[in-house]
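Protein chains in written order, with this note's numbering: chain U, 56 to 383; chain P, 56 to 383; chain X, 399 to 744; chain L, 399 to 744. Even for Gly, the Cβ is constructed at its ideal location relative to N, Cα and C. Predicted, not measured: the structure shown is a model, and the values here were computed from it. Heads up, the thing below is written out as structure tokens.
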Amino acid sequence: MKPSKSTLLWMYETMETSRRFEEIIAKIYFEGKTPAFNMTNGPIPGEMHLSNGQEPVAVGVCAHLAKGDVVTATHRSHHQAIAKGVDLNRMAAEIFGKETGLSGGRGGHMHLFDANVNFGCSGIIAQGMGPACGAALSRKLRNQAGVAVSFIGEGAANQGAFHESLNLAALWKLPVVFVIEDNGWGVSVSKESSTSVERNSVRAAGYGMPGHFVEDNDPIAIYEAAGETIARAREGKGPSLIEIETYRLAGHFMGDAEGYRPEGEKDALFAKDPIPQMSKLLLDEGHADEAAIAELQATAQRRVDEAIAFARESEYAPEEEALTSVFA
Amino acid sequence: MKPSKSTLLWMYETMETSRRFEEIIAKIYFEGKTPAFNMTNGPIPGEMHLSNGQEPVAVGVCAHLAKGDVVTATHRSHHQAIAKGVDLNRMAAEIFGKETGLSGGRGGHMHLFDANVNFGCSGIIAQGMGPACGAALSRKLRNQAGVAVSFIGEGAANQGAFHESLNLAALWKLPVVFVIEDNGWGVSVSKESSTSVERNSVRAAGYGMPGHFVEDNDPIAIYEAAGETIARAREGKGPSLIEIETYRLAGHFMGDAEGYRPEGEKDALFAKDPIPQMSKLLLDEGHADEAAIAELQATAQRRVDEAIAFARESEYAPEEEALTSVFA
Amino acid sequence: MSEDLNTDRHLTIARSMAEAIEQQMESDPNVFVMGEDIAALGGVYGNTRGLLEKFGPERIRNTPISETAFIGATVGAAQDGMRPIVELMFVDFIGVCFDAIYNNGAKNNYFSGGQINVPMVLMTAVGGGYSDAGQHSQCLYSTFAHMPGMKVVSPSNAYDAKGLMNAAIRDDNPVIYMFHKGLQGMGWLGTEPGATVATPEDSYTIEIGKAKVVREGTDVTIVGLAMGVHDALKAADKLATTGVSAEVVDLRSLVPLDRETVIESVAKTGRLIVVDEDYNSYGVSGEIIATVTEHDISKLKASPRRVTYPDIPIPFSRHFEQFCMPNADKIVDAYQSMVKGAAVSV
Amino acid sequence: MSEDLNTDRHLTIARSMAEAIEQQMESDPNVFVMGEDIAALGGVYGNTRGLLEKFGPERIRNTPISETAFIGATVGAAQDGMRPIVELMFVDFIGVCFDAIYNNGAKNNYFSGGQINVPMVLMTAVGGGYSDAGQHSQCLYSTFAHMPGMKVVSPSNAYDAKGLMNAAIRDDNPVIYMFHKGLQGMGWLGTEPGATVATPEDSYTIEIGKAKVVREGTDVTIVGLAMGVHDALKAADKLATTGVSAEVVDLRSLVPLDRETVIESVAKTGRLIVVDEDYNSYGVSGEIIATVTEHDISKLKASPRRVTYPDIPIPFSRHFEQFCMPNADKIVDAYQSMVKGAAVSV
Ligand SMILES: Cc1ncc(C[n+]2csc(CCOP(=O)(O)OP(=O)(O)O)c2C)c(N)n1
Ligand SMILES: Cc1ncc(C[n+]2csc(CCOP(=O)(O)OP(=O)(O)O)c2C)c(N)n1
Ligand SMILES: [Mg+2]
Ligand SMILES: [Mg+2]
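Structure follows, in structure tokens:
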């Protein structure tokens, strides 16, 4: 099933939003951290994992999801959060650690939770997979609509939780889709040095579930594979695994010198940056003209600027508030 | 590769030893525990998991192993310990908790360790698999001969350690063989209610390693599959997975009422008890006559009787000894 | 919360847990149970006995031996509006699934700033004394209690077990419900008769975070939980024969910890002994002693004592294990050495 | 063991750990290292920097993100005669691999009656203070120290770091080596300068299980480890300006715990403050207080105090996190409230 024009435009705008959001976050991240890089300083302290380059995965999958569907994400989830419809202002404020943030600054960039759109994260590799099965089970037991999507990296596909969760989901025919964002790297470790098979999608057969592989970060192909598997899950036919070849344009986290990357890799990746490719596709296929593209970009930029301004202007919560929200 | 005559006789005698050992252990286990079954009483307190019915797996695999090869076993490991050559007297004494036991009574039936033959156990499901990889890595790094074999049940094949260990072993081409004893049950849970595929051997493909399936508890077929995979490991060609269909003739542990077993299952299993089948095979194929069989049985019985007598006669260590051997 | 002991229904802890779960499942369709061997077998410790027949396999759900996935799924189902109960067969198995519990279940309320609750109960068997050796006999109380974001309870008798289970299921937070195998009332484990007590059929709750003075006394406070309470009560009987009046505090909850009740009792008696079947160091006993002494050390007339499991893996052999377990005699000895003022050797 | 500080080689902890490992690998072919990102990257915290170039990818071995398998493999290799070192990138990740450590590595010496040793080192990053939030900033000291069968160390400076690493590698038992991120000397983590100290090039060991009095004093004993030692030293400086003489004890090891040194110090000062960045309850602080009070409560002139991390998940926001962390001012406050005799509220 091909994406409709409006979906294509949404996909493009959302990719632009995510990219522009991260561009400005990346700039602000270095405030107070130069010349000597020190993670603890500046308006955005701590680790920062960017998702730039991986936007096609987020939009291709989330195009099929409603608010009520559940997403479990990882340490690298800005693109998914935005595509899933997480409140961008509150997300930005959370990344700044402000009171107006999604959790008032308790979680930060690695722990983005928005109950309104059923979005959550865990910074522990592959540990969103069990919870995704549980959300899917919850819907199944209550006969309530909704699927769960669990995003992981290719590095996570070697974690025990992957195996247990795929088996459980298949055994119980749960409405869940597992999406591997294969960006070729787990921090500094290449996929070839971590994974005994070339394609993780073949592992689906070990659970009797369909395994899809999508090449070369293609948003349309991702959309199609996700559409098929999510529809299947909604129909009660059980889980699927999708492996998507995607690219990490930045380092593992900000500050990563990337000495481990083979020469030329980054240049080649930038040459196929999915965002200009997508705008070209919209133009070539006549879905949008230059003006429409510019308009979508402007909308994206407006949302981002507003979110950042919101975050900047918000206050920090009183420090004793740190002690609250431990228990319900 | 077919087993030689002497191997066949060793296999039979070892199966007989294991069976007879457990028969007497099972009898003694109830000493002091009747009429009201209470695990804490009697000369052998605690849990007791019998391996009767599964002897073919132990002998078919261990026939290919030398002292220096490593075995990691589980909560149900009498048959493997005996086939690997664990000192039977000290093993019996350990099960009785005596000072002469393998670890002086510290480990008991679920923690049988014999460093002389590189045998060890863990009572936590699938958690011998990582250590088996490590032993194999140790040999590889030191360029020292030896393979590691990790035995698990079919229930354990749904534990995360399974996935991680198979990936690691395949990635690093380790000399290790993973053997699944598929007895159809994990305590009271049938394989169909725990496993999303019919055959665990298909999972090997998810790691790019060979997967073998051996039907119907056949000691000869087990011997052959094990021979092929262990030779492969010794040649530096990497790990394999073997799934063996076997049968648990007893309950999960002693005292298990087995209400969950479908009617007739046990009768059908006893009808194909591998031990009489094996003696029939020896007779039919002319490897042994009735007298030779009787002789092997007598030898087995003698070893068992001696071991039990040794255990019975041994003393308990002084109780303060409990506090020793915590650190090396 | 009512303490209606006008009943001759003496239940085991196993039965009272099953009854609480049953009643909660009847009144709330969002409650369900997952775990290994909890369906046809009714749970290795009988906590779900009879429930499969009543509620069917969807709500009384056997799992594969995949604790990471199914405890993770418990977290996910709880966050999605259910009230799942999950059984981890032995607490000793946390090593294969602890992340789902303490890094997700316990923290997601905080990480989400309260947007998301995780109303789940993890019930798990603790304790030794029946020769199940070092991977099946631990308590690990403080391993859970040390980590923020979960409540932790451990009942010493069937009445409390039912009330605490009800409270745990209704709680909007993850509750770790640790039941001691030696108290379950399963004869094959060698059970403590004192745990099988009058238990009303009606549903009632016991507030999580409230300790209970189960025996009043004036000369020494003995603090314990689960099996330790029974050891303490027996020691109090023995001490009474020598004219010593011991007060026994059953903690019942470790998180929240009812520090007030402990402090008040010690303020009265001036002496403290903590009984704990968990390993001695870095555990419950240290926390209780620190709680009392940091509050007001002048209330103590003598150095506090602990009667705990030594810092060794739990041995199989019965005489080894019994040598190591806390018991009433060791508590009496601790009292006597305390009043003599003997130093604890380090 | 020599304490040759006649050197102007001031090393960071990261470099001193790498140097110890390098020297051990040179002299013993059975030593090797496994972990995530320890090869080309040299370890996220620099503990293996330069080692790949020297020893190659077989002995400096990157792993998949499969902690259960590769820490399990560490146990297996150690049992088979190697002396492996494994890095668990953050201690927070124990939830996915704890079984291999505490149920196998730590117990197999016991289970085997000493037939099998497990000479492995698990090095793992602890601590917060740089806004890495609740799944990447914990200490979890007592989570390891509570479980029998492993030694547990945590150095506060490069000199100790090297000596303890050497001792850990040579030890025939599993040693958990917890290095604090804020002491590593990695500028990007905001480092404590006091951790970077003179460190001899020669190989030397520091005995595991020995605490050290790092500052002598007479009025109060401040006990800490890792980052807590630096907080304590700063507090001692501040207290000195008010005429109070504080003694600072660096525990260095949690298992074995050097109770004597702590007890002796408190016997001298009569007052005790424990600093711990780990969660307050059921942890190191409770154990130290219990150790002192159970030994001889009369030695204490005042109720002991603890300056610890509150029982909450670690928040991301810098002002939240800093509000919760122990620091010198809080220690000074604790001293002042202690001498006033104010009760700790419960
Ligand atoms: C259980 C666990 N192990 C290790 C880490 C440290 N870590 C964080 S991200 C990462 C790499 C993840 O690789 P991948 O799954 O491919 O995701 P990507 O970063 O490429 O998006 C690692 C090792 C972790 N967070 N959790
Ligand atoms: C991690 C873990 N989970 C659960 C258990 C409890 N348990 C012991 S044996 C067993 C069943 C194992 O089934 P299988 O692997 O098929 O081995 P079998 O008993 O059939 O030999 C279970 C669930 C355990 N020991 N470890
Ligand atoms: Mg990746
Ligand atoms: Mg089985």
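In terms of residues, what are the limits of the beta strand (DSSP E) holding residue i?
i, result
"Glu298/U", "295-300"
"Cys722/L", "Taken as a continuous stretch (DSSP letters only), Cys722/L belongs to no beta strand (DSSP E), being part of the alpha helix (DSSP H) at 716-722."
"Val431/L", "429-433"
"Lys610/L", "610-613"
Note down the Cα distance separating residue i from residue j, rounded to an integer number of angstroms.
i, j, result
"Leu64/P", "Ala349/P", "12 Å"
"Arg669/X", "Ala416/L", "50 Å"
"His134/P", "Ala665/L", "58 Å"
"Thr89/U", "Ala624/L", "28 Å"
"His218/P", "Ala280/P", "21 Å"
"Ala312/U", "Gly448/L", "16 Å"
"Thr619/X", "Lys728/X", "15 Å"
"Leu223/U", "Leu698/X", "54 Å"
"Arg254/P", "Ile469/X", "25 Å"
"Pro546/L", "Ala113/U", "46 Å"
"Thr301/P", "Ser464/X", "22 Å"
"Glu685/L", "Asp648/L", "15 Å"
Mind checking which residues open and close the alpha helix (DSSP H) that includes residue i?
i, result
"Thr127/U", "Run containing Thr127/U: none in the alpha helix (DSSP H); it sits in the beta strand (DSSP E), 125-128."
"Leu486/X", "No alpha helix (DSSP H) holds Leu486/X; the beta strand (DSSP E) holding it covers 481-488."
Against chain L, does residue i count as a neighbour if the rule is that its beta carbon must be under 8 Å from one of theirs?
i, result
"His166/P", "yes"
"Ile179/P", "yes"
"Val381/P", "yes"
"Arg358/P", "no"
For residue i, write down the residues that DSSP places opposite it in a beta bridge.
i, result
"Tyr707/L", "Tyr677/L"
"Ala596/X", "His408/X"
"Glu236/U", "Gly208/U, Ile299/U"
"His748/X", "Look at the range of chain X in this structure, 399 to 744, and you will see that residue 748/X is not part of it."
"Thr472/X", "BP columns for Thr472/X are empty, so no partner."
"Val231/U", "Ala203/U"
"His267/U", "Ile297/U"
"Glu645/X", "Thr619/X"
"Leu670/X", "Thr619/X"
"Ser245/P", "Trp240/P"
Does residue i come within less than 8 Å of chain P when only Cβ atoms are used?
i, result
"Met399/X", "Its pLDDT being 36, under 50, Met399/X is placed unreliably in this model, and the value from its coordinates should be taken loosely. No, because no Cβ of chain P sits closer than 8 Å to the Cβ of Met399/X."
"Ala260/U", "yes"
"Asp570/L", "yes"
"Thr284/U", "no"
Tell me which same chain residues have a C-beta within less than 6 Å of the C-beta of residue i, skipping the five on either side of it?
i, result
"Ala566/L", "Val519, Val573, Tyr575"
"Lys228/P", "Gly293"
"Phe233/P", "Ser205, Leu296"
"Gly583/L", "Thr410, Ile411, Ala412, Thr589, Thr594"
For residue i, which residues in the same chain have their Cβ closer than 7 Å to its Cβ, ignoring the five residues on either side in sequence?
i, result
"Gln533/X", "Asp490"
"Asn725/L", "Asp629"
Check whether the Cβ of residue i lies closer than 8 Å to any Cβ atom in chain X.
i, result
"Ser701/L", "yes"
"Val742/L", "yes"
Which same chain residues, not among the five before or five after residue i, have their C-beta less than 8 Å away from its C-beta?
i, result
"Arg287/U", "Pro265, Gly293, Ser295"
Using a Cβ-Cβ distance cut-off of 8 Å, determine whether residue i contacts chain U.
i, result
"Gly547/X", "yes"
"Pro462/X", "yes"
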